[in-house]
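Protein chains: 2
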Amino acid sequence: MQDRHIVVVGGGFGGLQLANDLKGAPVRITLIDRRNHHLFQPLLYQVATTLLATSEIAWPIRNFFRDRPEVTTLLAEVVDVDSSAHTVTLKNGDTIGYDTLVLATGATHAYFGHDEWEPVAPGLKTLEDATTIRRRVLLAFEQAELEKDPAIREALLTFAIVGAGPTGVELAGIIAELARKTLPKEFRNIDTSKARIILVEAGPRVLASFVEELSDYAQKALERLGVEIHFGKPVTSCTAEGVTIGDTFVPCRTIVWAAGVQASPAAKWLDIPADRAGRVVVDKELRAPGQPDIFVIGDTAAVTREDGSPVPGIAPAAKQQGAYVAKVIRAKLSGQPAPGPFHYRHQGSLATIGKSAAIIDFGRIKLKGGIAWWVWGLAHIYFLIGTRWRIAVAWSWLWIYISRQHSARLITQRETMREE
Amino acid sequence: MQDRHIVVVGGGFGGLQLANDLKGAPVRITLIDRRNHHLFQPLLYQVATTLLATSEIAWPIRNFFRDRPEVTTLLAEVVDVDSSAHTVTLKNGDTIGYDTLVLATGATHAYFGHDEWEPVAPGLKTLEDATTIRRRVLLAFEQAELEKDPAIREALLTFAIVGAGPTGVELAGIIAELARKTLPKEFRNIDTSKARIILVEAGPRVLASFVEELSDYAQKALERLGVEIHFGKPVTSCTAEGVTIGDTFVPCRTIVWAAGVQASPAAKWLDIPADRAGRVVVDKELRAPGQPDIFVIGDTAAVTREDGSPVPGIAPAAKQQGAYVAKVIRAKLSGQPAPGPFHYRHQGSLATIGKSAAIIDFGRIKLKGGIAWWVWGLAHIYFLIGTRWRIAVAWSWLWIYISRQHSARLITQRETMREE
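Take a look at the structure:
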């Protein structure tokens, strides 16, 4: 009998964990991703803010499986699924047959019906997004140094971040430190420490997924770094000239979008209804409704906990789902009973504010301040894949900590300079 | 009396050395570069071949001068010089006045009248060039893994490098090692070790600037890595389908150009004649002809040694020229006699072939093989700027040496995939 063919679409945390946990099972695996690298998304904001280099948080997917001859990695884009024929369709028209399909295609940022904002307010999901944001932030300071008109100079030195979830808070904190601590001695015509960093949050507090005490601490830490926080009003317009918060227009040349999330179009491929964020509402075994051979995991899936609350869209959740589906597949192959419904264990929530403060909520244990920052750093180094990168990232951070100099202040991939 | 205003165009090895050596002199310096970073060009081929990350060989120029308040760094593009008005013109129309001007604007690759080859045969001068070549090399393997037509697969697995100077030899050696040693276990449908790496040299030997013995050794080392070397015939055509060597067409999807060099248009700005490579023929004090206040250094200048032979276009030569002009400026400011004509000291020639062989010519001492490779590595780490980068690069190389795994195998900045 031929080994069962598992097709995994997406080499993020969920897809990789699944392929990893199927080691030794009597299966062939084809892992398809449209990028050649797995991205350690929790640290992507550090690339956008010049702390880490692109290659420190992204690793070639096929390299993970060099010693797994039963795993084939393909750099290709899936554009459709034919669940009756049991095939996925690639962009070049080829089809690949599967016995079991796992969709782990992730999510992208969403503009709540205002996709026209994307060119001026990029989100942060890919390496290119990160280098785009890095380029814009650094170019704004460079252009301000050359600018003679004080109004334009002020707009160039104003940075708006939309959304005060972990990504927004982390971006605002590091950009503030860049402006106030790293850059001041390097410019002659402008005072970078006077840059305005504006964090816009439609809700009533930052990091709403944390308990109020930690959320308050994060807000104070941001304010100490000179971040202006605007609560309770949504962004109503983003243009090349500035951002409108509620009814107030703020001239500003750099906007970063850290607000909405939209799942990839897996539901459309399967021709099944999706939730408001485009996610597939899966059953208790993470299967797509009515599809015994199709699992959906990670940010593409809407999964609820036993108490009805949603499983958060974070890396540990995706990894647990990947591990769970591997167990379901193994059980089925060996004729064992299924492992029971998926159960999410929340291991904790972490967020950093700048380079020396963080908040951590492990449930009973809550940490904030410098100690939390060290715990956060060690945890992230531990979760990086491979000794080589653990040491490289540890060294980058240690150097930044000692010298206050950022590692990766490169302006690359020139886009047309926004000249006046 | 106001301090003399020195305008330096170009933050390469020559411009940086000059600004560095003028520390403490009674001058104001404006350093203008169209990029925000200084690039350690001798290692650029390692970015193109996935050994090093972009940020390991490029550092923000203004950061070098954070403790030199008299130095202003501008990210801007110079498009003209008005030597009678003593001004340089920026792309945005602004002019900047100078007392002394130093043009250190470098060179780019040249296609000997075939600029139409550039899109299919990129050269290697900027970080973007390096990531473009890296992307194309990695994508060729990825597309071959997906390809069903054996002829197209073979063309995808053929890599042509045009020009067997140090850059061409270094690229060919590392691409051969990538194909034969790093990648084989990662692909399932293709045998990457069967990839053809073709090095095309119109002259009779590789590394013509070295003595024949070392040049022969390099050729043998390349052949051991399975590089096919074609001597004595020029490339007569480069297209998306392949390269024509003399009269022979070789189907191939990846071409890298490491052949000609063309100086930046400084001569045109000054409206003076240039040599065949576009360089300004300077006098013995590195001044542009008839321009007492304009120096030209580095790859933009044609400088001859006392024996009439040309000073090579390498980093140490540019640095010596920058240091020399700083001395001339200092002498003039203090009313001392000029330091005499520029004298180039050749410190040695180095080139690597793959990850464990190198050749070094220090004049009386000539080294080849493994020892030369270690000397080469230590020398380059020494020349990198700053402890932070010395340690990071040393760690990257050590890891590659131990694990045979490359560091930076990222496909970024997607261009349209070359689909069939």
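First to last, the sequence lines map onto chains W and Y.
Taking this note's numbering, the leading residue of the first sequence gets 6, the next gets one more, and so forth.
Taking this note's numbering, the leading residue of the second sequence gets 6, the next gets one more, and so forth.
Here a beta-carbon is modelled for each residue, glycine too, at the ideal position from N, C-alpha and C.
Taking a Cβ-Cβ cut-off of 8 Å, Asn-25/W has no neighbours in chain Y, whose nearest Cβ is about 16 Å from it.
Secondary-structure assignment with DSSP links Leu-95/Y through a beta bridge to Val-83/Y.
Taking a C-beta cut-off of 8 Å against chain Y, the contacting residues of the segment 174-199 of chain W are Lys-190, Glu-191, Phe-192, Arg-193 and Asn-194, listed in chain order. The straight-line gap separating the alpha-carbon atoms of Asp-8/W and Phe-192/Y is approximately 19 Å. Excluding sequence positions up to five before and after Ala-169/W, its CB lies within less than 6 Å of the CB of Leu-204, Glu-206 and Val-211, all in the same chain and listed in chain order. Exclusion of the five residues before and after Trp-381/Y leaves Leu-355, Thr-357, Ala-363 and Ile-365 as the residues of its chain whose Cβ lies within less than 7 Å of its Cβ.
The three-state secondary structure of Ala-115/W, taken from DSSP, is strand. Taking a beta-carbon distance threshold of 8 Å, Asp-304/Y does not count as an interface residue toward chain W. At least 8 Å separates the CB of His-43/W from every CB of chain Y.
Contact annotation: Ile-202/W and Ala-223/W have beta-carbon atoms that are not nearer than 8 Å. Residues Leu-161, Arg-258 and Thr-259 of the same chain have their beta carbon placed closer than 6 Å to that of Ala-145/Y, with the five preceding and five following residues left out of the count.
In this structure, the alpha-carbon of His-385/Y lies about 15 Å from that of Pro-171/Y.
When the five nearest sequence neighbours on each side are left out, the beta carbons in the same chain lying within less than 7 Å of the beta carbon of Ile-250/W are those of Val-205, His-235, Lys-238 and Val-240, in order along the chain. Around Thr-94/W, the same chain offers Val-84, Asp-85 and Thr-100 as residues with beta carbons nearer than 6 Å, after the five sequence neighbours per side are excluded. With a beta-carbon spacing of about 19 Å, Ala-165/W and Val-266/W fall beyond the 8 Å limit used to define contacts. For Leu-79/Y, the neighbours in chain W by C-beta distance under 7 Å run, in chain order, Glu-150 and Leu-151. Under the three-pair Cβ rule at 8 Å, the segment 39-48 of chain W counts as touching the segment 58-76 of chain W. Here Arg-414/Y is near Leu-143/Y, since their CB atoms are less than 8 Å apart. A residue is called buried once 16 or more other Cβ atoms fall within 10 Å of its Cβ, and Gly-295/W, having fewer, is exposed. Annotation for Val-330/W: Leu-23, Val-107, Leu-291, Phe-300 and Ile-302 place their beta carbon closer than 7 Å to its own, counting only its chain and skipping 5 residues before and after.
Against chain W, the beta carbon of Trp-378/Y has no neighbour under 9 Å; the closest one sits roughly 21 Å away. Within chain Y, the residues placing a beta-carbon under 7 Å from that of Leu-143/W are Asn-41, ordered along the chain. Collapsing the DSSP output to three states places Ala-307/W in a strand. Contact of Pro-65/W with chain Y by beta-carbon distance below 7 Å involves Arg-414. With 16 or more other CB atoms across the displayed protein chains lying within 10 angstroms of its CB, Ser-220/W is buried. Annotation for Ser-220/Y: the continuous alpha helix (DSSP H) segment containing it runs 217-229. Our two residues, Ala-397/Y and Ala-268/W, have alpha carbons roughly 37 Å apart in a direct line. If you look at Gly-265/W, you'll find it in the beta strand (DSSP E) that goes 265-268. A Cβ-Cβ separation of about 30 Å leaves Leu-49/Y out of contact with Leu-151/Y under the 8 Å criterion. A buried status is given to Asn-41/W, since no fewer than 16 other beta-carbon atoms sit within 10 Å of its beta-carbon. Apart from sequence neighbours up to five positions away, the residues of its chain that approach Thr-163/Y with a beta-carbon distance below 6 Å are Arg-201 and Cys-257, ordered along the chain.
Residue pairing of Arg-201/W in beta bridges, as defined by DSSP: Thr-163/W. Annotation: the segment 12-96 of chain W contains the following complete segments of the beta strand (DSSP E) (minimum length 3 residues), in chain order: 32-38, 42-44, 63-65, 76-80, 83-87 and 92-95. Interface flag for Trp-400/Y against chain W is set, since a Cβ pair is found closer than 8 Å. Straight-line spacing of the CA atoms in Val-308/W and Tyr-406/W works out to 39 Å.
Judged by DSSP in its simplified three-state form, Leu-291/W adopts coil rather than helix or strand.
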